[in-house]
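There are 2 protein chains.
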Amino acid sequence: MQAMATTRHGRKLTVNRLVRAAIPVAAAIGVASLIARLRRAPTRSPLGDLRRPGSRPRVVVLGAGFGGLSAALGIARGSGDADVVLVDQHNYHLFTPLLYQVAVGLVDSNSITYPLRAVAYRNGIRFVLGEAQGFDVDGKRLLTSAGAIAYDYLVVAMGSVTNFYGLSEVAERALPLKTVGDADAIRNVVLGALELGDVERDADRRCRLLTFPIVGGGPTGLELAGALSALVGDVAGREYPGIRPEEISIQVLEAGGRVLDAMEPATQEIAMRRLRERGVEIRLNSPLSGVSGNDYLVGGGQRLEAEALIWAAGVRGSPLLERLPGQRTRDNRVLVDATLRIPDHQEIFVIGDSAACIPEPGARPLPGTAPVAIQQGTSVARNVRHLLRGEPASAFRYRHPGNLVALGRHAAVAEVLGLVVDGLPAWLLWRAVHLGWLTGLRNRLQVLLDWSLLYVAPRQTEWLRSATRLPPRIPGRRFTSVASERNSEANDSPLSK
Amino acid sequence: MQAMATTRHGRKLTVNRLVRAAIPVAAAIGVASLIARLRRAPTRSPLGDLRRPGSRPRVVVLGAGFGGLSAALGIARGSGDADVVLVDQHNYHLFTPLLYQVAVGLVDSNSITYPLRAVAYRNGIRFVLGEAQGFDVDGKRLLTSAGAIAYDYLVVAMGSVTNFYGLSEVAERALPLKTVGDADAIRNVVLGALELGDVERDADRRCRLLTFPIVGGGPTGLELAGALSALVGDVAGREYPGIRPEEISIQVLEAGGRVLDAMEPATQEIAMRRLRERGVEIRLNSPLSGVSGNDYLVGGGQRLEAEALIWAAGVRGSPLLERLPGQRTRDNRVLVDATLRIPDHQEIFVIGDSAACIPEPGARPLPGTAPVAIQQGTSVARNVRHLLRGEPASAFRYRHPGNLVALGRHAAVAEVLGLVVDGLPAWLLWRAVHLGWLTGLRNRLQVLLDWSLLYVAPRQTEWLRSATRLPPRIPGRRFTSVASERNSEANDSPLSK
Numbered sequence: 010m011q012a013m014a015t016t017r018h019g020r021k022l023t024v025n026r027l028v029r030a031a032i033p034v035a036a037a038i039g040v041a042s043l044i045a046r047l048r049r050a051p052t053r054s055p056l057g058d059l060r061r062p063g064s065r066p067r068v069v070v071l072g073a074g075f076g077g078l079s080a081a082l083g084i085a086r087g088s089g090d091a092d093v094v095l096v097d098q099h100n101y102h103l104f105t106p107l108l109y110q111v112a113v114g115l116v117d118s119n120s121i122t123y124p125l126r127a128v129a130y131r132n133g134i135r136f137v138l139g140e141a142q143g144f145d146v147d148g149k150r151l152l153t154s155a156g157a158i159a160y161d162y163l164v165v166a167m168g169s170v171t172n173f174y175g176l177s178e179v180a181e182r183a184l185p186l187k188t189v190g191d192a193d194a195i196r197n198v199v200l201g202a203l204e205l206g207d208v209e210r211d212a213d214r215r216c217r218l219l220t221f222p223i224v225g226g227g228p229t230g231l232e233l234a235g236a237l238s239a240l241v242g243d244v245a246g247r248e249y250p251g252i253r254p255e256e257i258s259i260q261v262l263e264a265g266g267r268v269l270d271a272m273e274p275a276t277q278e279i280a281m282r283r284l285r286e287r288g289v290e291i292r293l294n295s296p297l298s299g300v301s302g303n304d305y306l307v308g309g310g311q312r313l314e315a316e317a318l319i320w321a322a323g324v325r326g327s328p329l330l331e332r333l334p335g336q337r338t339r340d341n342r343v344l345v346d347a348t349l350r351i352p353d354h355q356e357i358f359v360i361g362d363s364a365a366c367i368p369e370p371g372a373r374p375l376p377g378t379a380p381v382a383i384q385q386g387t388s389v390a391r392n393v394r395h396l397l398r399g400e401p402a403s404a405f406r407y408r409h410p411g412n413l414v415a416l417g418r419h420a421a422v423a424e425v426l427g428l429v430v431d432g433l434p435a436w437l438l439w440r441a442v443h444l445g446w447l448t449g450l451r452n453r454l455q456v457l458l459d460w461s462l463l464y465v466a467p468r469q470t471e472w473l474r475s476a477t478r479l480p481p482r483i484p485g486r487r488f489t490s491v492a493s494e495r496n497s498e499a500n501d502s503p504l505s506k
Numbered sequence: 010m011q012a013m014a015t016t017r018h019g020r021k022l023t024v025n026r027l028v029r030a031a032i033p034v035a036a037a038i039g040v041a042s043l044i045a046r047l048r049r050a051p052t053r054s055p056l057g058d059l060r061r062p063g064s065r066p067r068v069v070v071l072g073a074g075f076g077g078l079s080a081a082l083g084i085a086r087g088s089g090d091a092d093v094v095l096v097d098q099h100n101y102h103l104f105t106p107l108l109y110q111v112a113v114g115l116v117d118s119n120s121i122t123y124p125l126r127a128v129a130y131r132n133g134i135r136f137v138l139g140e141a142q143g144f145d146v147d148g149k150r151l152l153t154s155a156g157a158i159a160y161d162y163l164v165v166a167m168g169s170v171t172n173f174y175g176l177s178e179v180a181e182r183a184l185p186l187k188t189v190g191d192a193d194a195i196r197n198v199v200l201g202a203l204e205l206g207d208v209e210r211d212a213d214r215r216c217r218l219l220t221f222p223i224v225g226g227g228p229t230g231l232e233l234a235g236a237l238s239a240l241v242g243d244v245a246g247r248e249y250p251g252i253r254p255e256e257i258s259i260q261v262l263e264a265g266g267r268v269l270d271a272m273e274p275a276t277q278e279i280a281m282r283r284l285r286e287r288g289v290e291i292r293l294n295s296p297l298s299g300v301s302g303n304d305y306l307v308g309g310g311q312r313l314e315a316e317a318l319i320w321a322a323g324v325r326g327s328p329l330l331e332r333l334p335g336q337r338t339r340d341n342r343v344l345v346d347a348t349l350r351i352p353d354h355q356e357i358f359v360i361g362d363s364a365a366c367i368p369e370p371g372a373r374p375l376p377g378t379a380p381v382a383i384q385q386g387t388s389v390a391r392n393v394r395h396l397l398r399g400e401p402a403s404a405f406r407y408r409h410p411g412n413l414v415a416l417g418r419h420a421a422v423a424e425v426l427g428l429v430v431d432g433l434p435a436w437l438l439w440r441a442v443h444l445g446w447l448t449g450l451r452n453r454l455q456v457l458l459d460w461s462l463l464y465v466a467p468r469q470t471e472w473l474r475s476a477t478r479l480p481p482r483i484p485g486r487r488f489t490s491v492a493s494e495r496n497s498e499a500n501d502s503p504l505s506k
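Chains as they are written, first to last, in the working numbering: chain P, 10 to 506; chain B, 10 to 506.
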């Protein structure tokens with residue numbers, strides 16, 4: 010395969026023209042590279058010191074999501090007198106707000122992961138790949154699969170796990186959306202259903218394959234529904250000529266009486282209208298209540314037939330948080346004081362989805378969103394620096410920057426500066442904010458390219474069966490079990506003469 | 010996670026500056042989009058006709074690699090009087106020459122796959138996702154997992170499978186490099202070994218983890234070795250501070266007395282020298298002969314200790330080819346006549362890796378390379394058009410365009426126009442040729458971006474454990490089985506005080 014070829018598939022674009030087109034890109038990247046290299050001042054990672062008992066105070070940060078990463082970077086950059094150890098079960102930071110776009114093949118999972126080792130190396134942080142397994146609070150040690158790590162201050166930013174509210178049968182079948190693997194699985198299941206639907210002739214099985222229920226009317230559920238409708242619009246009847254767009258049913262099942270519970274009524278209104286315009290069915294007061302045979306049960310006992318059910322209904326604190334001292338909420342988040350610490354263990358901070366931070370007596374805890382986590386991380390970093398200098402810690406104050414929800418192609422809704430903005434301006438704002446907010450130049454350029462190419466190149470509809478396991482209930486039968494003998498196949502192929 | 014945030018990780022790059030930088034990119038893409046849309050003339054896929062017995066002749070192409078895709082497109086574009094059905098077990102075309110770059114995290118797997126449904130839709134080809142399961146030669150039907158498909162002409166372009174030369178124990182452990190899943194698996198195993206090596210303190214286990222043997226001194230083996238040495242140079246001692254670059258051993262095991270067997274002696278010379286300069290050990294006359302306990306055996310019985318052994322030693326025709334009539338070579342490729350057809354079945358063409366095409370009596374069969382496959386596909390398309398018009402088929406003549414082998418960063422060797430070119434010019438040529446040769450604008454831009462970003466942004470070292478299974482012999486113990494009780498961990502953690 011390594012030899013040259015002069016013949017190519019696809020449109021004609023000579024090497025010459027390509028090289029000419031590449032020159033300005035290369036030049037721009039060259040300049041950016043120079044700037045980046047001048048800015049970069051790599052610090053040696055303090056591995057040598059950490060192998061021996063350290064003389065400097067050590068801050069251990071558990072979890073490299075928005076909260077943990079923000080805390081670790083804040084401490085490492087702001088203070089030369091502490092060692093920072095960052096522990097995560099993955100060696101990358103995941104930009105979760107774009108996860109739903111991975112699930113519909115809009116951006117690639119690689120574009121929203123950022124290597125933690127690179128971040129650690131540049132900032133003098135020691136990164137440890139390991140799963141947390143417990144807390145030795147008295148001995149001040151974090152127990153992980155990579156060994157015990159002693160700390161002077163511990164920042165717990167473990168995030169959350171999907172909450173199935175005790176519906177174990179649903180949990181076995183439904184597709185959550187928390188990790189890269191989840192997003193890849195949803196993508197493969199959705200594209201797999203289109204592949205199967207394209208050749209399925211039985212009406213009931215077609216209907217079952219082409220019904221995509223999404224449980225949960227929060228931002229994640231709505232954004233996924235909108236993106237899914239755009240995917241369907243792009244490929245049904247064209248790249249999948251056997252599927253008519255109207256055969257596909259995208260449903261949002263919301264247990265309560267309204268979507269986007271925490272936002273303004275005007276925002277809720279707009280979201281419902283925009284999604285309905287795009288063919289999404291929104292079913293209010295429709296909690297998923299269980300499984301019956303092959304079907305799901307909704308609310309009062311209605312049956313719902315579907316292969317791929319996506320779960321975007323809620324999260325709870327990681328089970329491991331039960332091993333921390335102090336109180337927890339019903340959804341297993343740790344109650345923290347105004348400085349984000351456990352009341353009786355002032356050396357332990359808990360932030361982000363792991364924490365229940367009640368801004369004022371009687372108020373609801375702050376939601377598990379990225380802005381809350383990032384601001385808490387920054388606050389912890391500042392307080393750790395204060396504490397190391399013997400100064401008191403100050404209380405955390407949350408500044409709410411607004412809300413943004415994408416609703417499919419060229420549509421979104423935004424709450425900014427007390428206004429509710431709709432349509433294309435909101436959509437452009439959504440994209441600009443998320444692009445600016447992404448970690449790292451590489452990811453920004455990759456996502457920008459992914460988004461732009463949708464207007465030029467075909468959709469990414471590769472069904473990478475080998476890359477992720479399919480859930481057991483998406484049948485592989487069509488592609489694996491047909492016998493190879495000459496006369497055994499049932500004569501139902503649409504293609505046999 | 011959907012709300013806005015003003016704080017970000019990483020270097021400061023305001024939304025403003027980003028938007029300014031995006032304008033020229035967006036403008037360029039806009040223009041390209043317009044051109045693309047003007048050029049695109051989508052034809053309806055002939056699904057309706059195919060469900061009924063067709064009145065027009067039907068050409069079925071099995072396999073959408075270089076050969077099959079080139080044949081299908083050639084027939085569909087050149088002839089309005091035949092239906093073309095393209096069958097593949099994946100719904101994407103894979104640009105295999107860059108697969109080794111996926112294995113080292115240089116480019117992303119998404120950048121080298123191209124959705125077949127989009128190609129089919131634009132060219133009036135009917136695409137069927139299915140695995141071939143047999144041939145009903147007398148009834149002129151191809152048997153697939155998606156049903157039987159009747160044909161008037163059949164083009165078999167199934168490619169090849171990895172050849173382990175009967176070493177079944179090796180086959181169970183070694184990592185081949187044929188599919189997207191293979192490349193992702195190698196990437197995860199290599200990065201996993203670095204993660205484990207970074208914290209492993211036992212010298213023997215470190216050595217075992219950090220030894221990367223590559224079996225096969227052909228182009229694939231050498232290109233992978235060169236790319237792996239570049240990866241190691243980028244991250245060892247820096248992002249993986251616990252690993253010194255000299256601890257890592259990259260070895261190429263070649264059974265014969267020279268690498269790049271089919272190329273010029275000068276080329277072989279240059280390849281060996283360049284790779285050795287980059288720290289790659291090249292072991293000639295060192296066939297892998299089997300497995301002994303945990304170790305591999307090389308040649309006369311030398312033991313080789315390694316976790317991740319990569320297999321790039323050869324291919325053979327798919328086992329299914331045995332069900333075709335006619336003769337086959339020892340490596341299970343189908344012997345074809347001068348027009349690339351099976352002598353006694355002139356309606357069946359066999360091309361690419363599936364075919365043994367002997368250009369003149371006594372000569373060796375043409376190699377299984379992309380240029381051979383593409384030129385054969387073009388030849389088949391021309392001959393099918395002739396045959397449909399009642400004209401005779403003409404003989405296939407191969408024009409060898411030269412050879413190109415990449416040898417790590419800024420190094421390659423090229424055989425062009427009778428010259429052997431070395432160093433940076435060869436490397437630039439390699440990149441230009443492969444970029445131009447890639448399928449589709451999206452993939453070209455993505456790969457260009459991936460390549461360029463290496464000079465600006467950190468390496469992609471995300472170890473996506475959830476995305477692919479690890480082979481059983483890479484132990485997960487470090488990350489899963491350490492007990493969580495307070496006192497149970499052996500006091501060997503480098504991090505405990």
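Glycine is no exception: its CB is placed at the ideal position from the N, C-alpha and C atoms.
The model shown is predicted, which means the values in this text are computed figures rather than measured ones.
Examine the Cβ distances between the region 66 to 84 of chain B and the region 160 to 173 of chain B and report whether three or more of them are shorter than 8 Å.
yes
Between Ala390/B and Ile134/B, what straight-line distance do the alpha-carbon atoms span, to the nearest angstrom?
As a working mapping, residue 390/B is identified with position 381 in the second sequence. As a working mapping, residue 134/B is identified with position 125 in the second sequence. Taking the straight line joining both Cα atoms gives about 14 Å.
Below 6 Å CB to CB, which residues in the same chain sit around Gly242/B once its five sequence neighbours on both sides are set aside?
Looking up residue 242/B in the second sequence gives position 233. Around Gly242/B: no qualifying Cβ.
With distance defined between alpha-carbon atoms, name the residue in Ala420/B, Thr348/B, Tyr249/B, Met281/B nearest to Gly266/B.
Residue numbering aside, residue 266/B sits at position 257 when the second sequence is read from its first letter. It is Met281/B.
Report yes or no: is there a C-beta of chain P within less than 8 Å of the C-beta of Gly361/B?
As a first step, residue 361/B is located in the second sequence; it is residue number 352 there, counting from the start. Not an interface residue.
Quick one: what does DSSP say Ile121/P is sitting in, helix, strand or coil?
Translated into positions along the first sequence, residue 121/P becomes position 112. Ile121/P: helix per DSSP, three-state reduction.
Could you list the residues in the region 185 to 207 of chain P with a C-beta less than 7 Å from some C-beta on chain C, going in chain order?
Given the protein chain composition of this structure (P and B), no chain C is represented.
To which residues does DSSP link His99/B through a beta bridge?
To locate residue 99/B, count along the second sequence from 1; it is residue 90. Bridge partners of His99/B: none, in fact.
Measuring only the C-alpha atoms, how far is Ser258/P from Thr220/P?
Counting from one through the first sequence, the residue named residue 258/P turns up at place 249. Counting from one through the first sequence, the residue named residue 220/P turns up at place 211. C-alpha separation (whole angstroms): 5 Å.
Within 8 Å (strictly less), CB to CB, does Leu454/B reach chain P?
Translated into the one-based positions of the second sequence, residue 454/B becomes position 445. By this cut-off, Leu454/B is an interface position.
Assuming Ile195/B and Ala112/B form a contact by the criterion Cβ under 8 Å, report the distance between their Cβ atoms to the nearest whole angstrom.
Here residue 195/B refers to the residue found at position 186 of the second sequence. Here residue 112/B refers to the residue found at position 103 of the second sequence. Ile195/B to Ala112/B, Cβ: 4 Å. Contact.
Return the residues of the region 321 to 333 of chain B that lie within a Cβ-Cβ distance of less than 9 Å from chain P, sorted by chain order.
Leu329, Arg332
Buried/exposed call for Glu494/B, threshold 16 Cβ in 10 Å
Here residue 494/B corresponds to residue number 485 of the second sequence, with the count starting at 1. Note that Glu494/B has pLDDT 28, beneath the 50 cutoff, so the model's placement of it is unreliable and no number is given.
Quick check on Leu396/B: does DSSP put it in helix, strand or coil?
Against the second sequence, residue 396/B aligns to sequence position 387. Three-state result, Leu396/B: helix.
Find the residues of chain B that neighbour Trp5/P, judging by a C-beta separation of less than 9 Å, and give them in chain order.
Residue 5/P is absent from the model: chain P starts at 10 and stops at 506.
Suppose you measure from the CA of Leu330/P to the CA of Leu426/P; what does that come to, to the nearest Å?
By 1-based counting over the first sequence, the position of residue 330/P is 321. By 1-based counting over the first sequence, the position of residue 426/P is 417. Those two C-alpha atoms are separated by around 36 Å.
Determine, using beta carbons only, whether Asn197/P and Asn119/B come nearer to each other than 8 Å.
Along the first sequence, read from residue 1 onward, the residue named residue 197/P stands at position 188. Along the second sequence, read from residue 1 onward, the residue named residue 119/B stands at position 110. No. Outside cutoff.
So does the region 461 to 475 of chain P actually touch the region 301 to 315 of chain P, counting three or more Cβ pairs closer than 8 Å?
no
Same chain, Cβ closer than 7 Å to Trp472/B, neighbours up to 5 away in sequence not counted
Translated into the one-based positions of the second sequence, residue 472/B becomes position 463. Around Trp472/B: Asn197, Leu200, Gly201, Glu204.
For Ser403/P, does the count of other Cβ atoms within 10 angstroms reach 16, so buried, or fall short, so exposed?
Here the question's residue 403/P lines up with position 394 in the first sequence. Per the 10 Å Cβ criterion, exposed.
Does the beta carbon of Thr220/P come closer than 8 Å to any beta carbon on chain B?
Numbered from 1 along the first sequence, position 211 holds the residue referred to as residue 220/P. For Thr220/P, the answer is no, since every Cβ of chain B falls outside 8 Å of its Cβ.
So, for Thr122/B: in the same chain, excluding its five sequence neighbours on each side, which residues have a beta-carbon less than 6 Å away from its beta-carbon?
Your numbering for residue 122/B matches position 113 in the second sequence. Taken in chain order, the residues that qualify are Tyr101, Leu103.
Determine the burial state of Asp353/B: buried for a count of at least 16 other Cβ atoms within 10 Å of its Cβ, exposed for fewer.
Counted from its first residue, the second sequence places residue 353/B at position 344. Classification of Asp353/B: exposed, given that the 10 Å Cβ count is below 16.
Proximal residues, the region 103 to 133 of chain B versus chain P, C-beta separation under 7 Å:
Thr105, Pro106, Asp117, Asn119, Thr122, Pro124, Arg126, Ala127, Tyr130
Bridge partners - Asp304/B, DSSP secondary structure assignment:
Position 295 of the second sequence holds residue 304/B. Looking at the DSSP assignment, Asp304/B forms a beta bridge with Ser301/B.
How many angstroms separate the CA atom of Asp92/B from the CA atom of Asn392/B?
Mapped onto the second sequence, residue 92/B falls at position 83. Mapped onto the second sequence, residue 392/B falls at position 383. Whole-angstrom Cα-Cα distance: 15 Å.
Which residue marks the beginning of the alpha helix (DSSP H) containing His443/P, and which one marks its end?
On the first sequence, position 434 is the one that residue 443/P refers to. Here the alpha helix (DSSP H) through His443/P covers 432 to 446.
From what residue to what residue does the beta strand (DSSP E) around Leu413/P run?
To locate residue 413/P, count along the first sequence from 1; it is residue 404. 412 to 415 is the span of the beta strand (DSSP E), which, as asked, contains Leu413/P.
Does the region 314 to 332 of chain B come within contact of the region 349 to 363 of chain B, defined as at least 3 CB pairs closer than 8 Å?
yes
Excluding five sequence neighbours on each side, which residues of the same chain lie with their C-beta closer than 7 Å to the C-beta of Arg350/B?
Along the second sequence, one-based indexing puts residue 350/B at 341. Closer than 7 Å at Cβ, skipping near neighbours: Ile357, Phe358.
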